[in-house]
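Q: In our numbering, each residue's number is its place in the sequence shown (first place is 1) plus 971.
For glycine and all other residues, C-beta sits at the position ideal for the given N, C-alpha and C.
One structure is given below, represented as structure tokens, and several questions about it will come after.
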Amino acid sequence: MWRELTLLIFLSVLVKSEYKFETKYFKVPLDHFGYQNKDSFQIKYLVNDDHWDHDSGPIFFYTGNEGQIELFAQHTGFMWETAPEFNAKIVFAEHRYYGTSMPFGNKSLDNDHIGYLTSEQALADYADLVDYLQGGAVIPKYPVIAFGGSYGGMLSAYFRMKYPHLVTGAIAASAPVHMFQGMTNCDSYYKIVTSSFSIDGGNQCTDNIRKSWSAIREFAKNETNAEWLHKNWKLCDPLKNTNNVQELLDFMQSMYETLAMVNYPFPSEFLVPLPAYPVRVVCQYLNGTLNGTKLMEAIGEVLNTFTNYDKKNKCVDYKKGSDYGNLDASGWDYQACTEMVMPMCTTGDHDMFEPRTWNLTQYAADCQKRYGVVPRPDAARIIYGGDRLRAASNIVFSNGLKDPWAGGGVFNTVNESVEVILIIDGAHHLDLMPSNPADPSTVRIARDFHKQRIRRWIRQFRK
Ligand SMILES: *[C@@H]1O[C@H](CO)[C@@H](O)[C@H](O)[C@H]1NC(C)=O
Ligand SMILES: *[C@@H]1O[C@H](CO)[C@@H](O)[C@H](O)[C@H]1NC(C)=O
Ligand SMILES: *[C@@H]1O[C@H](CO)[C@@H](O)[C@H](O)[C@H]1NC(C)=O
Ligand SMILES: *[C@@H]1O[C@H](CO)[C@@H](O)[C@H](O)[C@H]1NC(C)=O
Ligand SMILES: *[C@@H]1O[C@H](CO)[C@@H](O)[C@H](O)[C@H]1NC(C)=O
Ligand SMILES: *[C@@H]1O[C@H](CO)[C@@H](O)[C@H](O)[C@H]1NC(C)=O
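Written as structure tokens, this is what we have:
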């Protein structure tokens, strides 16, 4: 008994301390694209040199996305697991305006300070950092491989495309580079959320979710019922009016999206603590034809699984909406209101949500009101190429077909060295996650493919 316990403690310590890094800071100009503003600030980056061949080993460089960088370092097991065999240095760079890489401290996200939050500025930060890591050498010594998942995957691809002299190749996992106006139907994302639920949870699950929206709305109209929901669903705030009910429904929509995204075959704390195959787990409650209080009780179980799997939460903080979870992505809404305008809509028949059209006029008005900015829906296409990437090279785009973001992913090989790998049963950048005995064979194949290409790019660099 004691031996087992000691072993257990030892194992958990081992897992927790597996990814060791040094935290460093790097000074960058506030504005890379003009010379009049002379301000600078520091971005954070994490480094591990344990396996690095200092003479010529590659640099594995994670292009940080919308969140504190430690979260990505802790969950991008693929880099940690492959660095030893490549004798690579590991670097995780934090995106400006996220985590602690704040140019104006706690005022950074105010409307009069947020303006230097763009992907171009972030990429320019990464370019300066890579140059610094190369010792400012005119002829760089170390091959640099960019890695990223989701928006970070877009950045890793863009980093190679914009700075090919600094970046040898890029692994762009679950990168929705086509999730822009004119390239992808606005309903694709929610269609995939729904198909992931029906594949893993059954059609009754999606049917129950589809009818739950109006059922909850109706149910909550009665004060006694609204109080029942407050109590039985353990909501932090009561449902006092239709506004609160809408907030709750928005939270729940975001919950189903997250469940589909992180539908990994192992328990993970990436966005919120969840069991293995969380979609399957929550759909167990939504099996059968449910209505009335039975339906409400079942949805309550789903909420409880999502918000309290680790039994640490006292109540459901539905007012957090899509900001719920470990990823502190508060700057993202500004990016989505400027250059990362991703049209999204629901139809209610090809998906399990209430119909909501994409209305750019309304969207722009909301952005104007919140940030005083006018979105540029074509900016990302003009700056980065959209779906015309033929001139790009040395990029692997990987997509899990169970991942809602695959809707905006690259599916056709665009160039002999811009390749696509599909992971049929993969969720959001599963290929970058730590390997696990429960991994499907398709993700093992994808990881081997990545390694082959990285090897090839490094050979090219050395020639
Ligand atoms: C912001 O930071 C300043 C200086 O560090 C501090 O005095 C202030 O209390 C902070 N404000 C908030 C709202 O956290
Ligand atoms: C739903 O219930 C049926 C009958 O009990 C069972 O065969 C099926 O596997 C269940 N589906 C899910 C997704 O739990
Ligand atoms: C609200 O629901 C309760 C319990 O279901 C019921 O007793 C009551 O009559 C309802 N009130 C109204 C105004 O419909
Ligand atoms: C729920 O469904 C049962 C049959 O499955 C039906 O008899 C009952 O009237 C329904 N209740 C409500 C509130 O729709
Ligand atoms: C889009 O939103 C604007 C502003 O709210 C509104 O005037 C317009 O009718 C909407 N268009 C559609 C097609 O719903
Ligand atoms: C792929 O990209 C490389 C490098 O830019 C270029 O030389 C090659 O012609 C491209 N191939 C195609 C089919 O466009």
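Around the C-beta of residue 996, are 16 or more other C-beta atoms found within 10 angstroms, so that it is buried, or is it exposed?
A: Counting Cβ neighbours within 10 Å, residue 996 comes out exposed, since fewer than 16 surround it.
Q: By the three-class DSSP mapping on this structure, what secondary structure does residue 987 have?
A: Low confidence applies here, because residue 987 scores a pLDDT of 45, under 50, leaving its location unreliable and the question unanswered by this model.
Q: Return the bridge partner residues of residue 1116 from the DSSP annotation.
A: Answer is 1031 and 1140, bridged to residue 1116.
Q: Determine the DSSP secondary structure at residue 1069, reduced to helix, strand or coil.
A: Note: residue 1069 maps to coil in three-state DSSP.
Q: In the DSSP assignment, the alpha helix (DSSP H) including residue 1008 goes from what residue to what residue?
A: No alpha helix (DSSP H) contains residue 1008, which DSSP labels as neither H nor E.
Q: Can you tell me where the alpha helix (DSSP H) holding residue 1209 begins and where it ends?
A: No alpha helix (DSSP H) holds residue 1209; DSSP gives it neither H nor E.
Q: Compute the distance between the beta-carbons of residue 1151 and residue 1362, then report whether it is under 9 Å.
A: Contact: no.
Q: Could you tell me the boundaries of the beta strand (DSSP E) in which residue 1370 lies?
A: From DSSP, the beta strand (DSSP E) with residue 1370 extends over 1366-1371.
Q: What three-state label does DSSP hand residue 1074 in the structure shown?
A: Three-state result, residue 1074: coil.
Q: DSSP puts residue 1000 in a beta bridge; with which residues?
A: Partner(s): 1011.
Q: Among the residues of its own chain, which have a CB less than 6 Å from the CB of residue 1303, if the five just before and after it don't count?
A: 1037.
Q: With residue 1390 as the anchor, note down where its beta strand (DSSP E) starts and where it stops.
A: Element bounds for residue 1390: 1389-1394.
Q: Which runs of the beta strand (DSSP E) spanning at least 3 residues fall entirely within the region 1262-1324, listed in chain order?
A: You should have found no qualifying run.
Q: May I ask you to check if the CB of residue 1189 is nearer than 8 Å to at least one heavy atom of ligand 3?
A: Answer for residue 1189: no, Cβ out of range of ligand 3.
Q: Assuming the contact rule is C-beta atoms closer than 8 Å, residue 1116 and residue 1425 should be a hit. Round their C-beta distance to whole Å, please.
A: Yes, residue 1116 and residue 1425 are in contact; Cβ-Cβ is about 5 Å, under 8 Å.
Q: Cβ atoms of residue 1183 and residue 1266: under 9 Å apart, would you say?
A: It is a contact, given that the beta carbons lie within the stated cut-off.
Q: Name the two residues that bound the continuous alpha helix (DSSP H) containing residue 1061.
A: Counting along the chain, residue 1061 falls outside any alpha helix (DSSP H), though it belongs to the beta strand (DSSP E) covering 1060-1064.
Q: Tell me whether residue 972 is buried or exposed, calling it buried when 16 or more other Cβ atoms sit within 10 Å of its Cβ.
A: For residue 972, the pLDDT reaches just 38, beneath the cut-off of 50, and the residue's location in the model is therefore unreliable, although a value from the coordinates is still provided. Residue 972 should be labelled exposed.
Q: Once DSSP output is grouped into helix, strand and coil, what is the label at residue 1016?
A: The answer is strand: DSSP assigns residue 1016 an E or B state.
Q: Quick one: does the C-beta of residue 1332 sit closer than 8 Å to a heavy atom of ligand 7?
A: Within the structure as shown, ligand 7 is missing, the only ligands being ligand 1, ligand 2, ligand 3, ligand 4, ligand 5 and ligand 6.
Q: Roughly how many angstroms lie between the CA atoms of residue 1327 and residue 1158, to the nearest whole one?
A: Going by the C-alpha atoms only, they are around 10 Å apart.
Q: Around the Cβ of residue 1341, are there at least 16 other Cβ atoms within 10 angstroms (buried) or fewer (exposed)?
A: Answer is exposed; the Cβ neighbour count stays below 16.
Q: Quick one: give me the first and last residue of the alpha helix (DSSP H) that residue 1253 is part of.
A: Note, residue 1253: alpha helix (DSSP H), 1249-1254.
Q: Assess, as a yes-or-no matter, whether the region 1372-1381 is touched by the region 1191-1211 under the definition of 3 or more beta carbon pairs within less than 8 Å.
A: Because the criterion of three Cβ pairs below 8 Å is not met, the region 1191-1211 and the region 1372-1381 do not touch.
Q: In chain order, what residues of the same chain have a beta carbon less than 7 Å from the beta carbon of residue 1048, not counting five sequence neighbours either side?
A: Excluding sequence neighbours, residue 1048 sits near 1404, 1405 and 1406.
Q: According to DSSP, is residue 979 part of a helix, a strand, or is it coil?
A: Low confidence applies to residue 979: its pLDDT is 40, below 50, so where it sits in the model is not reliable, and the reading given next is rough at best. Correct three-state label for residue 979: helix.
Q: Expressed to the nearest angstrom, what Euclidean distance is found between the alpha-carbon atoms of residue 1215 and residue 1146?
A: Their backbone Cα atoms lie some 34 Å apart in a straight line.
Q: Taking just the CA atoms, how far does residue 1091 sit from residue 1200?
A: Going by the C-alpha atoms only, they are around 45 Å apart.
Q: Is the Cβ-Cβ distance between residue 1139 and residue 1428 less than 9 Å?
A: Going by C-beta atoms, residue 1139 is nearer than 9 Å to residue 1428.
Q: Could you check whether the Cβ of residue 1070 sits closer than 8 Å to any heavy atom belonging to ligand 1?
A: No, the beta carbon of residue 1070 sits no closer than 8 Å to any heavy atom of ligand 1.
Q: I need the straight-line Cα distance from residue 1137 to residue 991, nearest angstrom please.
A: Distance between the alpha carbons of residue 1137 and residue 991: 26 Å.
Q: Quick check on the DSSP output: the alpha helix (DSSP H) that includes residue 1121 runs from which residue to which?
A: Note, residue 1121: premise wrong, no alpha helix (DSSP H); not H, not E.
Q: State the Cα-Cα distance for the pair residue 1369 and residue 1196, rounded to the nearest angstrom.
A: Using only the alpha carbons, I get a separation of about 46 Å.
Q: Look at the Cβ atom of residue 1276, then the Cβ atom of residue 1246, and state whether they are nearer than 9 Å.
A: Against a cut-off of 9 Å, the Cβ pair of residue 1246 and residue 1276 comes out as a contact.
Q: If I'm right that residue 1171 touches residue 1248 with Cβ under 8 Å, what's the distance once you round it to whole angstroms?
A: Correct: roughly 6 Å between the Cβ atoms.
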